[in-house]
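Numbering (our numbering), first residue to last: 108 to 829.
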Ligand code: GLC
């Protein structure tokens, strides 16, 4: 439709029909023909009326349902305005790839795009128009259960990977039935909740907000994301969905975003619970004034928006502007001409879990795994045949992560299946040993596990936290391995040192004791459908681990918050880190540094960083600095290395990080091969937010280094001249 036709459609709509376009219901309420839909106060809503006027639904299952929903609505809507169908496709629809935190450890934007492209195809066939993805909240506290959903503690990675996902998902033309729109979330600073508790208050300076929490959302909008979702949390005292500074001033005026803003699930109604709205009607007013277009479920808009307009408390122009943004999005998706978009049952059958998609998922699982320790245990020799597979996750199928689609566990390749596929004549001695839930104390299974370990040539000790221990509403105050897992580990490690510990978890955990006792540790995160195949290939060396931590791993939960890009303070702790230093910024009972630092990870080969050079010593603001890092594979196996470039601005008008990642590049090297990895530094990368929260760069000395956080090497200086 043309813009003029859209305007004519808008003018033909009643106020109730306009409001309906700003209402999103749960598809389940209609799929099962449930006629009971509750409002924010629990009152029943007339389902037929909602079905006639509503603008969008979320959470449906497949192409068949998608078409049924569209048919049901269009039959009831006299204006024949098609529904928007939205779904959380975070890391795969039916073929599940690793959780975003794991993908962050791949340090491979192209791999993120490849996975997103695969998910796009499956989602379009399922009938999805909009995915609530990417989530790019900067997360620096693993107590927060949703750290699994973001790529990194570093906004540069979140922005680059988020933008790569948006481009791969939206393609060039949203009217192409194979492309779907992205809704970036959760705007803003949701990951900075007090005490690591989900939904909790966030209070950060505007300087910190702009420097650490906003850039990744902006990168995704710059990549073309057509929707954005305000976060549940209060930000500096005002919940995001009613936060005019965030939504009107920054998002609409400063950034010029003209897409759709959709609230999070009942976030509008929750303004009452936050205590900034007296009732649902007041909440609807506040959210609409702040520029929230669609009210996700619970329907505060449905119940009160028309009334607010009639009372003159909200102008109809404001409502019209929101409705036009929704109609334009539907038009961009081509829904007026093709309401089904890409829904196609035949395509579903062809695409879901197809070999090509499984290969992508398996490769992603291999590239996002992080080898944390290896005292010559891994890779296992192929001649090893008698293997003890011990631990609560030894035969687990739920290795996909909180936001995998319901039923994903039915398709997971388990660890035994993966090992047997690689080593058909392997003899597996499988013992669960113990549970992994809070409160599990039963250790009766440990003796049998120990016996299996005694008999075996090698032991795979599979530990972690259950899939539902991370994700939304899943914050933890402790980050230990739940249940008697360490008791099991101690017993097994005593009888067989040829043991590799393998971890499945959705957040950095405290592994301090395991790191002291296990000779090898491989972090798998939640690797998705191809878990077993990827793990077997990694353990026996068909794949060489190349993941690097995209979030540091603490020695203790007491170290949080512990951003890698910390400032020096006036009393930095002098080395060594393993004991306190009086009157310095340290702990009496714990080192400062994480157990494993941001950017850390091992390989089955070795990489030698030979030199770092710059093409000049001084640049002006309109010039570029070329930095070349020479890295060599000095080991016996081919492998991939992530070359990281860190910046330090030793003197500035505000304190600056001692190490700030400003670029990264993954390179493949054959044994003995060396490569020059070239980076370009521009003035924009030297900028920061000054005391008045304005973005500036300041002339003076800068230092560039490579290596990884807390282990910088080959540092060179250069000058930015006025
Ligand atoms: C949830 C999440 C959000 C998700 C939405 C729809 O509460 O916060 O990330 O997209 O609801 O499921």
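Virtual Cβ for every residue (Gly too), placed ideally from N, Cα, C.
What you are looking at is a predicted structure, and each value in this text was computed from that prediction instead of being measured.
- Shortest Cα-Cα distance from residue 634 to any of 285, 334, 386, 515 involves 515.
- In the structure shown, the three-state DSSP call for residue 132 is strand.
- Note on residue 694: under 16 other CB atoms within 10 angstroms of its CB, so exposed under the neighbour-count rule.
- Relative to ligand 1, residue 411 has its C-beta separated by 7 Å or more from all heavy atoms.
- Spanning the alpha carbons of residue 322 and residue 362 requires a straight line of approximately 11 Å.
- The straight-line gap separating the alpha-carbon atoms of residue 600 and residue 172 is approximately 51 Å.
- For the options 672, 722, 430, 235, the alpha carbon positioned closest to that of residue 452 is the one of 235.
- Residue state for residue 755 is assigned as strand, using DSSP reduced to three classes.
- Residue 753 holds the alpha-carbon nearest to the alpha-carbon of residue 813 among 825, 461, 528, 753.
- If you look at residue 770, you'll find it in the beta strand (DSSP E) that goes 767-776.
- Taking all protein chains shown into account, residue 404 has 16 or more neighbouring C-beta atoms within 10 Å of its C-beta and is therefore buried.
- Contact check for residue 476 and residue 229: beta-carbon distance about 23 Å, past the 8 Å limit, so the pair fails to qualify.
- When rounded, the separation of the alpha-carbon atoms in residue 759 and residue 504 is 51 Å.
- Under the three-state reduction of DSSP, residue 628 is assigned to strand.
- Annotation for residue 324: the continuous alpha helix (DSSP H) segment containing it runs 322-329.
- Bridge pairing for residue 522: absent [DSSP].
- If you check the C-beta of residue 324 against ligand 1, you find no heavy atom less than 7 Å away.
- Look at which beta carbons fall closer than 5 Å to any heavy atom of ligand 1; those residues are 195, 239, 371, 372.
- Between residue 336 and residue 386, the beta carbon gap of about 24 Å keeps them out of contact (Cβ cut-off 8 Å).
- Taken in chain order, the whole beta strand (DSSP E) runs of length 3 or more contained in the segment 455-482 are 477-481.
- Around residue 821, the same chain offers 716, 718, 719, 736, 812, 813, 814 as residues with beta carbons nearer than 8 Å, after the five sequence neighbours per side are excluded.
- Taken through DSSP and simplified to helix, strand or coil, residue 594 comes out as helix.
- For residue 388, the secondary structure class from DSSP, reduced to helix, strand or coil, is helix.
- For residue 158, the uninterrupted alpha helix (DSSP H) segment begins and ends at 154-160.
- The beta carbon of residue 742 sits closer than 7 Å to the beta carbons of 712, 713, 778 from its chain, once the five residues preceding and following it are set aside; these are given in chain order.
- Shown here for residue 545: same chain residues with a beta carbon closer than 6 Å to its own, the five before and five after excluded, namely 589 in chain order.
- Of all alpha-carbon atoms in 466, 650, 687, the one lying nearest the alpha-carbon of residue 744 is that of 650.
- Spanning the alpha carbons of residue 262 and residue 222 requires a straight line of approximately 20 Å.
- When DSSP reads this structure, residue 193 sits in a beta bridge with 165, 237.
- In this structure, residue 823 places its C-beta atom within 8 Å of the C-beta atom of residue 721.
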